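What follows is a single structure, written as structure tokens, with notes after it.
Numbering (the numbering used here), first residue to last: 569 to 682.
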């Protein structure tokens, strides 16, 4: 049956076609909100969101910002609270980043080891 479909030019029953992305469409990723861009490009919201995330572009109006190498180096020399104040970030975010980078905290917490 598969060969007959291919002879007749009929795609497989589970075939999904996705239109290739043009350079102009790619340039709009991260510039317009995903939902607005999806309507404009006649693509699904999920397709636009996935493509933007694949290109590592932030969403429009996103409050999350990536750590810079300079900010990462500050984490080596300060406690979580000091670094959070200096960087204008939440101390929990700083602590999570420190754990991700495997730096030891400079905070003076008492050790509870017996």
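Just so it is clear, CB atoms sit at the ideal spot from N, CA and C, and this is done for glycine as well.
Keep in mind that this is a model prediction, so the values were computed, not measured.
Helix, strand or coil for residue 597, going by three-state DSSP, please let me know.
strand
When you compare the region 618-636 with the region 646-653, are there three or more beta-carbon pairs, one atom per stretch, that lie closer than 8 angstroms?
no
Backbone CA spacing between residue 634 and residue 573 [nearest angstrom]:
49 angstroms
Along the alpha helix (DSSP H) that carries residue 651, what are the first and last residues, could you check?
648-655
Below 6 angstroms CB to CB, which residues in the same chain sit around residue 616 once its five sequence neighbours on both sides are set aside?
602, 605, 606
Could you say which of 588, 571, 586 lies nearest to residue 580 if we only look at CA atoms?
571
Nearest to residue 642 by alpha carbon, out of 666, 620, 588?
666
Residue 633 - DSSP class collapsed to helix/strand/coil:
coil
Spatial neighbours of residue 639 in its chain, beta-carbon cut-off 6 angstroms, leaving aside the 5 residues before and after
655
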